[in-house]
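> In full-length UniProt numbering, the protein residues as written are 1 to 155. Ideal Cβ placement from N, Cα and C applies to all residues, glycine included.
This is how it looks when you write it as structure tokens:
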């Protein structure tokens, strides 16, 4: 029975890390795919293609932040890994994972609707970039919150 109780923190963090990777991968891929497919309909204008590159790069940052968080969490796992630390790490994983999922879908929908507007009205470009920047700021706040939970000193 003692070994079962000792394995609970490792089970908890495994679920957290799997959730983090899968949610952010889905959000990132959704955003990149929708940006690429939506821009192909309006590829006659070079400006739309330029913003498609920006949208794709910003969507891919979702997964890169998750990858950084996974490396930080995995490097902190040792034989004295406690349930409190595992809970904090799992919550930080779910925080960034859920936010990455939502932001990826948001970025994809911005691309889907935004490229049509950019094609018809080039003055929309500043609004398009601001929408993407707002989504990226939401993701950065979630990343900072996750880092705060990881380095909160819980032992």
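Rounded C-beta distance between residue 93 and residue 19? I'm assuming under 8 Å.
Residue numbering aside, residue 93 sits at position 93 when the chain shown is read from its first letter. Residue numbering aside, residue 19 sits at position 19 when the chain shown is read from its first letter. Going by Cβ atoms, the distance from residue 93 to residue 19 rounds to 6 Å, so yes, they are a contact pair.
> Please classify residue 151: does DSSP put it in a helix, a strand, or coil?
Taking the chain shown and counting its residues from 1, one reaches residue 151 at position 151. In this structure, residue 151 counts as coil in the three-state DSSP scheme.
> Between residue 59 and residue 32, which are expected to be in contact by the criterion C-beta below 8 Å, what is the C-beta distance as a whole number of angstroms?
On the chain shown, residue 59 is found 59 positions in, with the first residue counted as 1. On the chain shown, residue 32 is found 32 positions in, with the first residue counted as 1. With 8 Å as the limit, residue 59 and residue 32 qualify as a contact, their Cβ atoms being about 5 Å apart.
> What three-state label does DSSP hand residue 112 in the structure shown?
Here the question's residue 112 lines up with position 112 in the chain shown. Note: residue 112 maps to helix in three-state DSSP.
> Start and end of the alpha helix (DSSP H) containing residue 43?
In the chain shown, residue 43 corresponds to position 43, counting from 1. That residue, residue 43, is in no alpha helix (DSSP H); it is neither H nor E in DSSP.
> Given a cut-off of 8 Å, decide if residue 23 and residue 88 are closer than it, judged by their beta-carbon atoms.
Locating residue 88 in the chain shown gives position 88, where the first residue counts as 1. Locating residue 23 in the chain shown gives position 23, where the first residue counts as 1. Not closer than 8 Å, so no.
> Between the Cα of residue 100 and the Cα atoms of 42, 38 and 141, which residue gives the shortest distance?
Here residue 100 refers to the residue found at position 100 when the chain shown is read from its first residue. That would be 141, whose Cα lies nearest to the Cα of residue 100.
> Secondary structure at residue 47, three-state DSSP: helix, strand or coil?
As a first step, residue 47 must be located in the chain shown, where it is residue number 47. Of the three classes helix, strand and coil, the one that applies to residue 47 here is helix, per DSSP.
> Pick out whichever of 131, 143 and 13 has its Cα sitting closest to the Cα of residue 55.
Numbered from its first residue, the chain shown carries residue 55 at position 55. Among 131, 143 and 13, the Cα nearest to that of residue 55 is on 131.
> May I have the straight-line CA-CA distance separating residue 70 from residue 107, to the nearest angstrom?
Indexing the chain shown from 1 puts residue 70 at position 70. Indexing the chain shown from 1 puts residue 107 at position 107. Those two C-alpha atoms are separated by around 23 Å.
> At what residue ranges does the stretch 4–92 contain a whole run of the beta strand (DSSP E), taking only runs of 3 or more?
Runs of the beta strand (DSSP E) inside the stretch 4–92: none found.
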